[in-house]
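Single-structure report; data block below.
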Amino acid sequence: MIMEAGDILVRRGLITADQLERARISAGNVSSSLEQAIQQGMVKEEEALRAVADEVGLDFIDLRTADVDLSLLQTFPQKLIYRHALFPLKRQNGSLIVATADPLDLYPIDEASAATGLSIIPVVAERIEIAKLVKKHLGVGSETVEGLLAARAEDEEVELLEQIEGDGSELSEQAQEASVVRLVNEILVEAIDSRASDVHLESQSFGLVIRYRIDGILHTQPVPPEINRFQAAIISRLKIMARLNIAEKRLPQDGRIKLRVHGREIDIRLSVIPMIHGESLVMRILDKGAMKFDLRNLGMDEQVYRVYKELIQLPHGIVLVTGPTGSGKTTTLYSSLMEIKGDDNKIITTEDPVEYQLDGINQIQVHPKIGLTFAASLRSILRHDPDIVLVGEIRDLETAENAIQASLTGHLVFSTLHTNDAAGAYTRMIDMGIEPFLVASTVEGVMAQRLLRRLCKECKEPYTPDANDLPADFPWELLDGGKLYRAKGCRACRGVGYTGRMGIYELMLTNEEIRELAHERVSSFAIKQLALKAGMRTLRDDAWSKAMAGSTTVDEVLRVTKSDRLNAAMPGQK
């Protein structure tokens, strides 16, 4: 009798008997106790599978470096790939070498031998690596396209938190078919597991293109060509989930989907725009369970963090956070509110949309179509006895005037602007029509920010830079040890070389000299030069310090920031 996998791990000292018992209880049956032990972090998958493979006399293979004969996929039964995580690798001396993540389950091996007419030589590989091969060579959603229903019902992993209804049309019925539902769920789950912030479904002349934005960069996902037959049904399914009109294909539409995936609540903002080859969709994924609003861990330099923390504790005034869309402004503002909230103050926000719900903070969702704009909601907020107010964005003169009025009446106001640097916030508000003396007297500080991808700690590699490969403004005098780091790519980062992002910051405090310049309507360049003399670090400076600390790369610095010397070369620029 072959020993059960969990017993092998206990015997080899990888887990304890108590841990095995807990894994069996969680699994509900002994056949999946190995998987439970791995999922609960009792043992690493590679370590466990190597032990089991050695016990039964099989080889363990690293699929990241293995040679794969893709022609074998044409004749190998795909149901075995999906249902039992088998993957054919190559033929050898008349036999077929097949990777498996469960070496103790012999029935799929026998089934593969019967189906191919070949002797099967199993080798053991990690399940996640087999899954990557499947998605890479068969495409995202290929399992559903083939009409296969795997034993693991993914439908149970994606739960809609709101009831949806079709309109009874043929397209609506097609969009509700189990295979289409499962295909859409697979696309969403894969995006969430990949830490994607956005999913792009683009209708092109040759069919549907799926791209995930991960850490700010778009990555095209491989999809089987057969998915194009489901294009209309996929789009209709997503529109139904967002409660949109599936019959309207001429006008843009916006909607929202609320899901529970892997036990976490997920909000999805859906935008549909008709293009020349059909409708294209973009979904912004807001993973509430993955977000932690902690000001300390956003990536601020210690000195910037200390000064900014003092700034957000002022009794009144305006604090602005600036940067382009997707630069992390909302995260900084939410983290700031969480830092200063307490039982002794009342915080009210007005946002479009409310991206994350914060405990202990009163949040308003604006509805411009019914007249509930930023300006209108801000007027009402001031009659609600707040101490601290957050305005999602200052977009127009009316909102700016109300924010100014709120600060003048003793409130601390947070908001955002779309400017390239901190100094531009003063001139932007003046250009909106605000009197310069009001801007000068109410704006207490401006934080400009961007996001840089963070180097993967598992695979980043040091190197000695060549002066010819670095820009002229690189601060050689601050490079300690003469080493920088670059991206390499490994399993942990999915071969990208980066995992996650961090902020770079440019904090400008409004001192008396800056107030005078703002009052005199001087250019943002002059304001910035004065701030630099007072010791302000620019976005580029902060980015270089993070590159020299080994947190990011020179390529990331050049991708996200521009040289301050370019600005200095054009003093007439505003």
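Numbered by the numbering used here, the letters in the sequence shown go through residues 14 to 587 in order.
Built from N, CA and C at the ideal position, the CB exists for glycine as well.
None of these values were measured; they are calculated from a predicted model.
The alpha helix (DSSP H) enclosing Tyr-321, as first and last residue numbers = As a working note, residue 321 is residue 308 in the sequence shown. Per DSSP, the continuous alpha helix (DSSP H) segment holding Tyr-321 begins and ends at 315-324.
For Ile-407 and Glu-414, the rounded distance between their alpha carbons = Taking the sequence shown and counting its residues from 1, one reaches residue 414 at position 401. Taking the sequence shown and counting its residues from 1, one reaches residue 407 at position 394. Computed Cα separation, rounded: 9 Å.
For Phe-306, does the three-state DSSP call read helix, strand or coil?
-> In the sequence shown, residue 306 corresponds to position 293, counting from 1. Reduced to three states, the DSSP call for Phe-306 is coil.
State the DSSP-derived secondary structure class of Met-296, mapped to helix, strand or coil.
-> Position 283 of the sequence shown holds residue 296. In this structure, Met-296 counts as strand in the three-state DSSP scheme.
Minimum Cβ-Cβ distance from Thr-386 to chain D less than 9 Å = The structure shown has no chain D; it contains just one protein chain.
In its own chain, which residues sit with a C-beta less than 6 Å from the C-beta of Ile-248, not counting the 5 before and 5 after it?
-> On the sequence shown, position 235 is the one that residue 248 refers to. Take Ile-248, set aside five residues on each side of it, and the residues of its chain with a beta-carbon closer than 6 Å to its own are Glu-292, in chain order.
Residue ranges of each beta strand (DSSP E) within the region 223-284, 3 or longer = You should have 230-234, 266-274.
Straight-line Cα distance separating Gln-32 from Ala-98 | Position 85 of the sequence shown holds residue 98. Position 19 of the sequence shown holds residue 32. Their backbone Cα atoms lie some 26 Å apart in a straight line.
Apply the 10 Å Cβ neighbour rule to Thr-429 and answer buried if 16 or more other Cβ atoms are within range, or exposed otherwise.
-> Residue numbering aside, residue 429 sits at position 416 when the sequence shown is read from its first letter. Here Thr-429 is buried: its Cβ has 16 or more other Cβ atoms, across all protein chains shown, within 10 Å.
Spatially closest choice to Pro-287 from Leu-530, Arg-273, Ala-245, Leu-62, by CA coordinates | Indexing the sequence shown from 1 puts residue 287 at position 274. Closest by C-alpha distance to Pro-287, out of Leu-530, Arg-273, Ala-245, Leu-62, is Ala-245.
Could you round the C-beta distance between Leu-520 and Met-561 to whole angstroms and report it? I think they count as a contact, below 8 Å.
-> If you number the sequence shown from 1, residue 520 lands on position 507. If you number the sequence shown from 1, residue 561 lands on position 548. Not a contact, Cβ separation roughly 20 Å.
Simplified DSSP state of Leu-62, which is helix, strand or coil | Counted from its first residue, the sequence shown places residue 62 at position 49. In the structure shown, Leu-62 adopts helical secondary structure according to DSSP, grouped into three states.
In its own chain, which residues sit with a C-beta less than 7 Å from the C-beta of Arg-441, not counting the 5 before and 5 after it?
-> As a working mapping, residue 441 is identified with position 428 in the sequence shown. If we look at Arg-441 and ignore the five residues flanking it on each side, its Cβ neighbours are Leu-430, Thr-432.
Helix, strand or coil for His-150, going by three-state DSSP, please let me know.
-> The count along the sequence shown starts at 1 and reaches residue 150 at position 137. Of the three classes helix, strand and coil, the one that applies to His-150 here is helix, per DSSP.
Taking just the CA atoms, how far does Ala-209 sit from Phe-219?
-> In the sequence shown, the residue the question calls residue 219 occupies position 206. In the sequence shown, the residue the question calls residue 209 occupies position 196. The alpha-carbon atoms of Phe-219 and Ala-209 are separated by roughly 25 Å.
Who are the Cβ neighbours of Glu-167 in its own chain at under 7 Å, not counting the five residues just before and after it?
-> As a working mapping, residue 167 is identified with position 154 in the sequence shown. With a pLDDT of 41 at Glu-167, under the threshold of 50, the predicted position of this residue should be treated as unreliable, though the coordinate-derived value follows. The beta carbon of Glu-167 sits closer than 7 Å to those of Arg-195, Asn-198, Glu-199, Val-202, all from its chain and outside the five residues before and after it, given in chain order.
Measuring CB to CB, does Ala-388 end up less than 9 Å from Glu-411?
-> Stepping through the sequence shown from its first residue, residue 388 is reached at position 375. Stepping through the sequence shown from its first residue, residue 411 is reached at position 398. For Ala-388 and Glu-411, yes; Cβs fall inside 9 Å.
Taking all protein chains shown into account, do 16 or more other C-beta atoms lie within 10 angstroms of the C-beta of Phe-89, making it buried, or fewer, making it exposed?
-> Here residue 89 refers to the residue found at position 76 when the sequence shown is read from its first residue. Result: buried.
Simplified DSSP assignment, three categories, for Glu-169 | Taking the first residue of the sequence shown as 1, we reach residue 169 at position 156. Summary for Glu-169: the model assigns pLDDT 48, below 50, so the residue's position carries little reliability; its value from the coordinates is reported in the next sentence. Of the three classes helix, strand and coil, the one that applies to Glu-169 here is helix, per DSSP.
Candidates Arg-24, Ile-383, Ile-205, Ile-374: closest to Gly-355 by CA position | For the purposes of this step, residue 355 is taken as the residue at position 342 of the sequence shown. Ranking the options by Cα distance to Gly-355, first place goes to Ile-374.
Decide if the region 488-507 is in contact with the region 466-474; the criterion is three or more beta carbon pairs, one per stretch, under 8 Å apart.
-> At 8 Å Cβ cutoff, the stretches touch.
Could you spell out where the beta strand (DSSP E) holding Tyr-476 opens and where it closes?
-> The count along the sequence shown starts at 1 and reaches residue 476 at position 463. It spans 474-476 - the beta strand (DSSP E) in which Tyr-476 sits, taken as one unbroken run.
Roughly how many whole angstroms lie between the Cα atoms of Glu-142 and Phe-73?
-> Counting from 1 along the sequence shown, the entry for residue 142 is found at position 129. Counting from 1 along the sequence shown, the entry for residue 73 is found at position 60. Whole-angstrom Cα-Cα distance: 12 Å.
How would you label Phe-450, buried or exposed, when you count the other beta carbons within 10 angstroms and need 16 or more for buried?
-> For the purposes of this step, residue 450 is taken as residue 437 along the sequence shown, with counting starting at 1. Around the beta carbon of Phe-450, fewer than 16 other beta carbons lie within 10 angstroms, which makes this residue exposed.
Could you round the C-beta distance between Leu-283 and Leu-299 to whole angstroms and report it? I think they count as a contact, below 8 Å.
-> Numbered from its first residue, the sequence shown carries residue 283 at position 270. Numbered from its first residue, the sequence shown carries residue 299 at position 286. The Cβ separation is near 12 Å, so there is no contact.
Starting from the Cα of Leu-71, find the closest Cα among Pro-135, Arg-24, Ile-279, Ser-192 and give me that residue.
-> Counting from one through the sequence shown, the residue named residue 71 turns up at place 58. With distances taken between Cα atoms, Leu-71 lies closest to Pro-135.
Report the three-state DSSP secondary structure of Asn-375 (helix, strand or coil).
-> Counting from one through the sequence shown, the residue named residue 375 turns up at place 362. If DSSP states are grouped into helix, strand and coil, Asn-375 belongs with the strands.
Which residues bound the beta strand (DSSP E) around His-213?
-> Position 200 of the sequence shown, counted from the first residue, corresponds to residue 213. Its beta strand (DSSP E) spans residues 209-217.
Under 9 Å between the Cβ atoms of Val-567 and Pro-488?
-> Here residue 567 corresponds to residue number 554 of the sequence shown, with the count starting at 1. Here residue 488 corresponds to residue number 475 of the sequence shown, with the count starting at 1. Cβ distance not < 9 Å, so Val-567 and Pro-488 don't count as in contact.
Proximity winner among Val-452, His-275, Ser-84, relative to Ile-527 (alpha-carbon distances) = Stepping through the sequence shown from its first residue, residue 527 is reached at position 514. Ranked by Cα distance from Ile-527, the first of Val-452, His-275, Ser-84 is Val-452.
What separation, rounded to the nearest whole angstrom, lies between the Cα atoms of Ser-393 and Ser-420?
-> Counting from one through the sequence shown, the residue named residue 393 turns up at place 380. Counting from one through the sequence shown, the residue named residue 420 turns up at place 407. Here the C-alpha atom of Ser-393 lies approximately 15 Å from the C-alpha atom of Ser-420.
Cβ-Cβ separation, Val-317 to Arg-463 (assumed contact under 8 Å), whole Å = Start at 1 with the first residue of the sequence shown, and residue 463 comes out as number 450. Start at 1 with the first residue of the sequence shown, and residue 317 comes out as number 304. No, Arg-463 and Val-317 are not in contact; Cβ-Cβ is about 14 Å, not under 8 Å.
In or out: Glu-620 buried (at least 16 other Cβ within 10 Å) or exposed?
-> The displayed coordinates of the chain run from 14 to 587. Any statement about residue 620 would go beyond what the structure contains.
Grab the span of the alpha helix (DSSP H) containing Ile-527 for me, first residue to last.
-> As a first step, residue 527 must be located in the sequence shown, where it is residue number 514. In this chain, the alpha helix (DSSP H) harbouring Ile-527 covers 525-532.
May I ask you to report which of helix, strand or coil DSSP gives Leu-27?
-> Within the sequence shown, the letter at position 14 stands for residue 27. Coil.
Please state whether DSSP places Met-521 in a helix, a strand or coil.
-> For the purposes of this step, residue 521 is taken as residue 508 along the sequence shown, with counting starting at 1. It is a strand residue.
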